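All residue numbers for the sequence shown refer to our numbering, where the first residue is 1062 and numbers rise by one.
The beta-carbon is built from N, C-alpha and C at its ideal position, and this holds for glycine as well.
Note that the coordinates shown come from a computational prediction; the quantities given were computed from them, not determined experimentally.
For reference, the structure is listed below as structure tokens.
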Amino acid sequence: MNIEVIKFDNSGRGIGYLDNKIIFIPKSVPGDIVLVKITKDKKDYLEGSIVKIIKPSKLRKEAICPYFNLCGGCDLMHVSLTEELEYKLTKINDILRSKNIDYQVKDIIKSDREYAYRNKITLKVIKQKIGYYLSDSHELLEIKKCYLVNDAINNLITDLPKLSIINGEITIRCNYKNELLIIIKSTDTLSNIDYFITQHNIVGIIQNNKCIYGEDFFFTQIQDLLFKVSYDAFFQVNDNMCEKLFNLIRENTLNQKKILDLYCGVGTLSLVAALNSDYTLGIEINENAIKDALINKVINKIDNAEFICSDTKNILNQITNDYDVVILDPPRSGVDANVLKKIMEQKIKTIIYVSCNPFTLVRDLNILKENYIIKDIKLLDMFVWSEHVESFCVLNLR
Ligand SMILES: C[S@@+](CC[C@H](N)C(=O)[O-])C[C@H]1O[C@@H](n2cnc3c(N)ncnc32)[C@H](O)[C@@H]1O
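What follows is the structure, encoded as structure tokens:
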């Protein structure tokens, strides 16, 4: 049946109606008329896949990537960048409005790179085929190249079959010098490691958390700061947007004395904030990341930062009112409720909340809004062509 696509949903899928029932159609665009095959028929909604585009929307453009229509990696490569940015602003504002948060986000900061911007890719291996999952599925789409990563990673992808992995997962991380770390989860015996070492700029291979070649970390640089990053430590996936995030942290921590950075990773935002402040404390659960942070403060000659390895919810005693600013950059699950409660009790003047999940961000803003007003929310297009977006919020104590 033919469906007219009305708008995008919050996951970047087109929405239409069939006999008054809502239908979600991945890879469709508002304004399209599409012939659809029903893939899921639930009580309250349907899901469908495009069989044929009967009449393309004026917003539609040809995706650069030949895998786009099937691949579960990107959601919005079939519209212009202007539309993609507009989609993200609308999405955030819809989510804020749905939770009665009275704030209109107007700014979205663009990535200087539309393609080849990611420093990390994770591929699945199933029965020796290597690729991404198909949209909304656990079936594999074999790929030879991904437009989101650079040539150093793509050249390695071409050679990955030579490793003879039958089933598992391969993550490739790349630093500012195009040095690569390969992180493998698989019980299969690897072949041709010597070939990889001679053909690619590999600094380390880690299999099932064991370093089997070189080092289990690399150094990378953002602006004038150098960071050791262990294979399993978080690092922002888009170096260019990471720079822009650093700039926002710098602007919003000027003239602040004491700063607390919860969920600090390898100490990135803590060290940027430390350059502006008398003292910064970073808290992080990943032991390797904290060891990296302690080294990062030394190599960057920053002596007013300290780091503690802990789950944030176990260091509530560190959240005290002598901090001027608390930076929150949690995982997708958001900030622990007791942590938010303690920040509110201690009346810390400014909260900088960096989030990659608008749903948990809004959940947490709803708690904080009792004591804090939103001074600013900006979006960063960290994950270009995906439905995901990074938010940067500054809250001031009422
Ligand atoms: C989105 S990352 C942000 C890291 C850092 N701010 C950056 O920009 O590189 C979230 C970090 O929170 C850490 N994390 C996750 N759960 C945590 C918890 N309960 N307590 C402390 N840290 C946690 C993760 O290991 C990860 O390093």
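Q: Report yes if the C-beta of CYS1417 is less than 7 angstroms from at least one heavy atom of ligand 1; otherwise report no.
A: yes
Q.
Please identify the residue among ILE1115, THR1421, ILE1214 whose C-alpha is closest to the C-alpha of ILE1182.
A. ILE1214
Q: Determine the DSSP secondary structure at GLU1460, reduced to helix, strand or coil.
A: No information on residue 1460 is available, as it lies outside the stretch 1062 to 1459 that the chain covers here.
Q) Whole alpha helix (DSSP H) runs in the region 1233-1271 with 4 or more residues, listed along the chain? A) 1254-1260
Q. What is the residue span of the beta strand (DSSP E) that ASP1220 lies within?
A. Here ASP1220 belongs to no beta strand (DSSP E); instead the alpha helix (DSSP H) covers 1212-1220.
Q. Excluding the five sequence neighbours on either side, which residues of its own chain have a C-beta within less than 7 angstroms of the C-beta of SER1141, listed in chain order?
A. LYS1122
Q.
Suppose the cutoff is 7 angstroms on Cβ atoms and the five residues either side in sequence are ignored; what does the same chain contact list for TYR1178 look like?
A. SER1172, LEU1209, ASN1299, ASN1301, VAL1445
Q | VAL1327 burial status per 10 Å Cβ neighbour count (16 or more: buried) | A | buried
**Q.** Sub-8 angstroms separation of ASN1349 and ASP1285 beta-carbons
**A.** no
Q.
Quick check: what's the CA-CA separation for ASP1168 versus VAL1097?
A. 35 angstroms
Q) Within 7 angstroms: the Cβ of TYR1414 and any heavy atom of ligand 1? A) no
Q) Per DSSP, what kind of secondary structure is THR1151 in: helix, strand or coil? A) helix
(Q) With a threshold of 7 angstroms (Cβ to nearest heavy atom), would GLY1133 be considered close to ligand 1? (A) no
**Q.** Other residues of its chain near SER1394: CB distance less than 8 angstroms, five sequence neighbours each side excluded
**A.** ASN1418, THR1421
Q | THR1421 Cβ short of 7 angstroms to ligand 1 heavy atom set | A | no
Q: Express the C-alpha separation of GLY1073 and TYR1193 in angstroms, rounding to a whole number.
A: 18 angstroms
**Q.** Closest Cα partner of LEU1224 within the set LYS1403, LYS1238, LEU1201, THR1248
**A.** THR1248
Q | Distance cut-off 7 angstroms: GLY1275 Cβ against heavy atoms of ligand 1 | A | no
Q. Within 10 angstroms of its Cβ, does ASN1357 collect 16 or more other Cβ (buried), or is it exposed?
A. buried
Q | Option nearest ASN1236 by Cα separation, candidates SER1371, CYS1303, SER1198, ASP1197 | A | CYS1303
Q: Report, in whole angstroms, the separation of the C-beta atoms of GLN1260 and ASP1212, which I expect to be a contact under 8 angstroms.
A: The pair is not a contact, with the Cβ atoms about 13 angstroms apart (cut-off 8 angstroms).
Q) If you run the structure through DSSP and keep just helix, strand and coil, what is ILE1484? A) The chain is shown from 1062 up to 1459; residue 1484 falls before or after that span and cannot be answered.
(Q) Following a CB-centred definition, is ASP1372 positioned closer than 7 angstroms to any heavy atom of ligand 1? (A) yes
**Q.** Segment contact flag, the region 1129-1137 with the region 1266-1286, C-beta cutoff 8 angstroms, min 3 pairs
**A.** no
Q: Examine ligand 1 and report whether any of its heavy atoms sits within less than 7 angstroms of the Cβ of ASP1390.
A: yes
Q: Reducing DSSP to helix, strand and coil, say where ILE1309 ends up.
A: In the sequence under discussion, the amino acid at residue 1309 is Leu, which differs from the Ile named in the question. Three-state DSSP puts LEU1309 in a helix.
Q. Nearest-angstrom Cα distance between GLU1240 and GLU1431?
A. 47 angstroms
Q.
If you measure between the beta carbons of GLU1451 and VAL1415, is that distance less than 8 angstroms?
A. yes
Q | Backbone secondary structure at ALA1294 - three-state DSSP | A | coil
Q | Every unbroken alpha helix (DSSP H) inside the region 1359-1422 [4 residues or more] | A | 1398-1407
Q) Taking 7 angstroms as the line, does the beta carbon of LEU1330 fall inside it for any heavy atom of ligand 1? A) yes
Q) Leaving out five residues before and five after PRO1091 in sequence, what residues of the same chain have Cβ atoms less than 7 angstroms from its Cβ? A) VAL1066, ILE1067, LYS1068, PHE1069, GLY1075, SER1118, LEU1120
Q) Hey, quick one: how far does the beta strand (DSSP E) through THR1031 stretch, first residue to last? A) A question about residue 1031 goes unanswered here, because the residues of the chain that appear run from 1062 up to 1459.
Q: Pull up the distance between the alpha-carbon of LEU1401 and that of ASP1425, whole angstroms please.
A: 8 angstroms
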